[in-house]
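In what follows, a structure is listed as structure tokens, so that the remarks can point back to it.
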Amino acid sequence: MKQLKLSIFIAFITLSISLSISAQQTGNVAGQVSDTFGAVVSGATVTAVDAAGIEKSAVTNRQGEFRISGLAPGTYTVRVAAVTFAVYENTEVVITPGKSEELIVALTVQAVEAQVEVSGAGEVSTDADRNASSLVLTEAEIEALPDDPDQLEAALQALAGPSAGPNGGQIYIDGFTGGRLPPRESIREIRLNQNPFSAEFERLGFGRIEILTKPGSDKFRGSAFFNFNDESLNSRNPFALNRAPSQARTFGGNLSGPVQKGKSSFFIDINNRNDDENQVINASILDSSFNIVPFQQDVTVPSQRFTISPRFDYQINTNNTLVARYSFTRVKADNFGGGFNLQSLTSKSSSTGHEFRLTETAILNPKTVNETRFQYEINRRNQIGDNSIPTINVSGAFTGGGSQIGTNFNNRNSFELQNYTTTSVGKESQHALKFGVRVRGITIKDQSESNFGGTFSFFGVRDPLTGNLLFSSIEQYRQKVLGNPDPIFNPNQFNITSGNPLADVKQYDMGLFITDDWRVRPSLTLSFGLRYENQTNISDSMNFAPRFSFAYSPGAGGARLPKTVFRGGFGVFYDRFGENFTLQSERFNGVNQAQYIVAGNQGILGQPVFSLGGVTNVPTVANIAALAPGTFTIRQIDPDLRAPTTYQYALSVERQLPLKMTGSIYFVGNRTIHQLRTRNINAPVCGLINICPTTSQQIQLLRPDPTQANIYQYESDGVINQQQLIFGLNAPINPKISLRANYRMGFAKSDTDGGFPAYTYDLSGEYGNSQQDIRHVFSLIGNFQLPWNIRMSPIIIARSGSPFNIIAGDDRNRDSITNERPTYSQLNNACAQRGLTFSFCDIGDISNPSTTVIPRNYGRGPSFFGVNLNFNKTVGFGKSRTPVARTIDGQAPSSAGEGANRPNNGGGRRGGGGGRGGGFGGGGGRRGGGGGFGGSDKPY
477 MKQLKLSIFI AFITLSISLS ISAQQTGNVA GQVSDTFGAV VSGATVTAVD
527 AAGIEKSAVT NRQGEFRISG LAPGTYTVRV AAVTFAVYEN TEVVITPGKS
577 EELIVALTVQ AVEAQVEVSG AGEVSTDADR NASSLVLTEA EIEALPDDPD
627 QLEAALQALA GPSAGPNGGQ IYIDGFTGGR LPPRESIREI RLNQNPFSAE
677 FERLGFGRIE ILTKPGSDKF RGSAFFNFND ESLNSRNPFA LNRAPSQART
727 FGGNLSGPVQ KGKSSFFIDI NNRNDDENQV INASILDSSF NIVPFQQDVT
777 VPSQRFTISP RFDYQINTNN TLVARYSFTR VKADNFGGGF NLQSLTSKSS
827 STGHEFRLTE TAILNPKTVN ETRFQYEINR RNQIGDNSIP TINVSGAFTG
877 GGSQIGTNFN NRNSFELQNY TTTSVGKESQ HALKFGVRVR GITIKDQSES
927 NFGGTFSFFG VRDPLTGNLL FSSIEQYRQK VLGNPDPIFN PNQFNITSGN
977 PLADVKQYDM GLFITDDWRV RPSLTLSFGL RYENQTNISD SMNFAPRFSF
1027 AYSPGAGGAR LPKTVFRGGF GVFYDRFGEN FTLQSERFNG VNQAQYIVAG
1077 NQGILGQPVF SLGGVTNVPT VANIAALAPG TFTIRQIDPD LRAPTTYQYA
1127 LSVERQLPLK MTGSIYFVGN RTIHQLRTRN INAPVCGLIN ICPTTSQQIQ
1177 LLRPDPTQAN IYQYESDGVI NQQQLIFGLN APINPKISLR ANYRMGFAKS
1227 DTDGGFPAYT YDLSGEYGNS QQDIRHVFSL IGNFQLPWNI RMSPIIIARS
1277 GSPFNIIAGD DRNRDSITNE RPTYSQLNNA CAQRGLTFSF CDIGDISNPS
1327 TTVIPRNYGR GPSFFGVNLN FNKTVGFGKS RTPVARTIDG QAPSSAGEGA
1377 NRPNNGGGRR GGGGGRGGGF GGGGGRRGGG GGFGGSDKPY
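Residues 477 to 1416, numbered by the numbering used here, are exactly what the sequence shown covers, in order.
Below, the structure is given as structure tokens:
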């Protein structure tokens, strides 16, 4: 036994010495890749070729860094290739045993289009930034995306997939949070879902979208385009009798070139969009004979968007560069009704936005880069509508009268300051460190005259004992117009706002982070991170967010490239409490503005006189304050409110497949606590099913504090549980054919989506499907080089329906919120009356259907299938100035988009369509195609 132990010890020592000697006999090449103005280039392929032609490759990470290990001593040729850049080649890179050769590579922008094959595209890697679930869209793939900015954003969110977390994915533009999406023509690269557990970012990485804009070029180049679309190219809206006239015109262009050759350059893009869309009003109204009749009307909805964005790149010296970018956007839109909303609710809106961005990059030494970014935004939004007459809301039939907007404006000034440092430490730079700080601030000055004219609501007449519907809302309104004096036909609710329309708020937040990507060995990378966040306007300050992930490839190392990579990670993520919540609490604090909600007071509700022409003898604020003092409503923030906190974990397997393909399987789970909700903490204490008393005096006595009325409080006691299984395939088969496919199966449950619960004092029925519970999502993006130099780029997105909430459309528990849900029997009866056969109408397996209330988000909207197909033909003329590509002077693109699904039945309160049919937003659109319920509340 002793001899055996001694033999094992000697073998171990011998093996360790041999490995040490082997490691000392090889060397490394490492460095950073940037453009000529110092901006780092991620996703570039770096290839080292020895004298025998043997290649080893690596891909630059988010900081533009790369490392190729295990190189035998000798002279190598190092090539760097990246899309839109000329190929870099250095034939005199000498590798010395036991040392690392450092390279600083500056790529020049390609003046003409070139075919660049990225050799590492079909490989798996243990780099933290190269998770196989990520997606980096090249310039050719970006051209296949919609050119409309709204549809472009929707398409990117669809490609990124459902976010793992409560608030969806976050969009970064040149490293800055928020801001308007730039035109497609000015985008150089788009990254989706990269390095999901990085401590650099506040939100979860699954669903994150990073957009990098184009720099200037060292030669003059430009492009121009014009797109036209009208009703003849679109299908009829399924709710319209005819295909209404519509037209969309988009034109723009860009120009780039040098300012001082080798020192500075510029890039400027201009985009203008004019849309004459249409909406369909589908309502039930009273005709001149007081009969209930259906009403349908097509209304034109014009809008205009103009954007101009110049960018300036300047190389201060060999180690410092400066990038300045300005963006101006102007948007105008008119709203002439749609759905249940009649044309009398007309409103006009306009907005302007100015964005100023500065980025300074300093190379402190060959291993350390410091980047400072500053952004300042000025946004102005104005909205005008008639609030001189009350709104009449007849639930499920029509909404008419005044729009209750008045003269509103919202002025926002915000800034964002970042300072990040990237460096590497260790003998062979095994540790890639990044640390930094981000500070943001916003100031809002807001004027709101909304609902200064008041709103009357008719929900229908119900039996006070059983809750069964006796008269529909439209019949209730009809009887009131006919002058029926019975108080059961009075409006169910009247609410009006008065006071100072001006309110302002300031909010600041900061985040500190440090990350360490430690390459323990070629087969194992460990990533550690810690982030701390804090903000004003809430007292929650202990927001520490540790992050950890690993990537392990068995057998990789030396000359053996990774074939299979196992990844995993865990992280804590926080969401900020938005400034709009603070603005609302400041506005309705009981001093600035007064909001009165009258229900059960027949003296006030019976006062107005209704006719086909509108309503007169409207109660004033003074009347209400004198006759119904218990109707005063305020908003406040829970003093113990916490920032929403998400705990996320993920495990994956990535495998290199034949034909340069890679496949991946990811399991992602997360649990969110302290999710935000709003609750009326002084609502009457009534049963969940039993109806409250009908008089305001009785209602007031049932409140926890009878001296107060409604108190809407923002709280943080909600939870979300979510799991996703993600399958990915990346197939760069050859330079002419490439495909990327992604399928996600997900489940999400929660007890709030941020709004009010159905019953303030019993949240047990709130746990159900989350609005993010989209079970199946599939996306495919491809690139095909066809004969005659035609490129075809399809994007296919399919997904199952989103959940939506089914509500009864009345306020039976007198908490002033009309979101009570029906029982299973009531829902079944409503489905039978309308001839609906959806799965949620079936109550065969439900016990006690007459007393059991349906869960939240019980409905399921229609599925969606969308195709965006782009054909691109390049026509070259003129003398070629480079041997690697032909000169390009013009492109003739052709695209077609179509959405196929069941129609959107109204869009709900928060639903509604996107722009043109064929977009990926899931809204019904103003033309054919599109669709989806958007997680809206729907009265049954």
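Using N, Cα and C, we set each Cβ at its ideal position, and we do this for glycine too.
The structure displayed is predicted, hence computed values, not measured ones.
If you count every other CB in all the chains shown that lies within 10 Å of the CB of Gln1085, and 16 or more means buried, which is it?
Contrary to the premise, residue 1085 reads as Val rather than Gln in this sequence. So Val1085 counts as exposed.
Measuring straight from C-alpha to C-alpha, what distance separates Arg719 and Asn713?
One C-alpha to the other measures close to 7 Å.
Which term fits Asn976, buried or exposed, when burial requires 16 or more other beta carbons within 10 angstroms of its beta carbon?
The residue is exposed, with fewer than 16 neighbouring Cβ atoms inside 10 Å.
Could you tell me which residues DSSP puts in a beta bridge with Ala1070?
Beta-bridge partners assigned by DSSP to Ala1070: Ser974.
I need the boundaries of the alpha helix (DSSP H) containing Arg712, first residue and last residue.
Where Arg712 is concerned, there is no enclosing alpha helix (DSSP H), because DSSP gives it neither an H nor an E.
Does the count of Cβ pairs from the stretch 949–967 and the stretch 895–903 closer than 8 Å reach three?
Segments in contact, no.
How long is the line joining the alpha carbons of Asp1287 and Gly1241, rounded to whole angstroms?
Put simply, the backbone Cα of Asp1287 is about 17 Å away from that of Gly1241.
Cα separation between Gly1395 and Phe702?
Because Gly1395 carries a pLDDT of 41, less than 50, the predicted location of this residue cannot be relied on, and the following value inherits that uncertainty. Using only the alpha carbons, I get a separation of about 19 Å.
Contact check, Thr822 vs Gln880 under 8 Å by CB: the rounded distance?
Between Gln880 and Thr822 the Cβ distance is about 12 Å, and since that is not below 8 Å, they are no contact.
Between the stretch 1308–1315 and the stretch 1190–1201, do at least 3 Cβ pairs fall closer than 8 Å?
Short answer: they don't touch.
Which word fits Pro1211, buried or exposed, when buried means at least 16 other C-beta atoms lie within 10 angstroms of its C-beta?
It is exposed - the Cβ of Pro1211 has fewer than 16 other Cβ atoms within 10 Å.
What's the C-alpha gap between Ile1202 and Phe542?
So the alpha carbons of these two residues sit roughly 28 Å apart.
Can the beta-carbon of Ser949 be found closer than 8 Å to that of Val870?
A contact, by the Cβ cut-off of 8 Å.
Are there 16 or more other CB atoms within 10 angstroms of the CB of Arg1392, so buried, or fewer, so exposed?
For Arg1392, the pLDDT reaches just 36, beneath the cut-off of 50, and the residue's location in the model is therefore unreliable, leaving the point undetermined.
Using a 10 Å radius around the Cβ and a threshold of 16 neighbouring Cβ atoms, would you call Val600 buried or exposed?
Counting Cβ neighbours within 10 Å, Val600 comes out buried, since at least 16 surround it.
Please name the residue in Asp526, Val1329 and Lys1349 whose C-alpha comes closest to that of Pro1263.
The closest CA to that of Pro1263, considering only Asp526, Val1329 and Lys1349, is found on Lys1349.
Would you mind reading off the limits of the beta strand (DSSP E) that contains Leu1006?
Unbroken beta strand (DSSP E) run through Leu1006: Leu1000 to Gln1011.
Whole-angstrom C-beta distance between Ala1207 and Leu1135, which should lie under 8 Å
A Cβ-Cβ separation of about 7 Å places Leu1135 in contact with Ala1207 under the 8 Å criterion.
Tell me the residue span of the alpha helix (DSSP H) that contains Glu615.
Here the alpha helix (DSSP H) through Glu615 covers Glu615 to Glu619.
When you compare only the Cα positions, how much space is there between Gln1071 and Gly882?
A straight line joining the alpha-carbon of Gln1071 with that of Gly882 spans about 16 Å.
Give a yes or no on whether the C-beta atoms belonging to Val556 and Val569 are separated by under 8 Å.
Result no, Cβ atoms of Val556 and Val569 do not sit closer than 8 Å.
Measure how close the beta-carbons of Phe885 and Gln923 come, nearest whole angstrom, since I'm counting them as under 8 Å.
At roughly 5 Å, the Cβ-Cβ gap stays under 8 Å, so Phe885 and Gln923 are in contact.
Three Cβ pairs or more, each shorter than 8 Å: is that satisfied between the stretch 771–782 and the stretch 732–742?
Contact between the stretch 771–782 and the stretch 732–742 is absent, because fewer than three Cβ pairs lie under 8 Å.
Please state whether DSSP places Pro963 in a helix, a strand or coil.
DSSP places Pro963 in helix when its eight states are reduced to three.
DSSP on Thr776, reduced to helix/strand/coil?
Note: Thr776 maps to strand in three-state DSSP.
Between which residues of its own chain and Gly540 is the CB-CB distance below 7 Å, once the five residues before and five after are set aside?
Same-chain partners within the cutoff: Gln508, Val509, Ser510, Val516, Val517 and Ser518.
For Thr1107, which three-state DSSP category applies?
Thr1107 sits in a helix when the DSSP states are folded into three classes.
DSSP three-state call for Glu665: helix, strand or coil?
Collapsing the DSSP output to three states places Glu665 in a strand.
Which residues does DSSP list as the beta-bridge partners of Met986?
Bridge partners of Met986: Val915 and Asn1010.
With a Cβ-Cβ cutoff of 8 Å, do Leu579 and Ala558 count as a contact?
Taking 8 Å as the Cβ cut-off, Leu579 and Ala558 do not qualify as a contacting pair.
Taking the Cβ atom as the reference point for each residue, do Ile618 and Ile647 lie within a distance shorter than 8 Å?
It is not a contact, given that the beta carbons lie outside the stated cut-off.
Straight-line CA distance for Ser827 to Ser1255?
Inter-residue distance for Ser827 and Ser1255 is about 34 Å (C-alpha atoms, whole angstroms).
In chain order, what residues of the same chain lie with their CB nearer than 6 Å to the CB of Ala1098, ignoring the 5 residues before and after it?
Hits under 6 Å: none found.
Label Gly1384 either buried or exposed according to how many other C-beta atoms from any shown protein chain fall within 10 Å of its C-beta, with 16 as the threshold for buried.
The predicted position of Gly1384 is uncertain, since its pLDDT is 36 and thus under 50; a value taken from the coordinates is nonetheless stated next. Counting the other CB atoms within 10 Å of its CB gives Gly1384 a total of 16 or more, which places it among the buried residues.
Count the other CB atoms within 10 Å of the CB of Val756; is the residue buried (16 or more) or exposed (fewer)?
Here Val756 is buried, its C-beta having at least 16 other C-beta atoms within 10 Å.
Spatial neighbours of Arg806 within its chain, please: CB distance less than 6 Å, with the 5 preceding and 5 following residues excluded, ordered by chain position.
Here Arg806 has Phe782 and Thr828 as same chain residues with Cβ atoms under 6 Å from its own Cβ, once five neighbours each way along the sequence are excluded.
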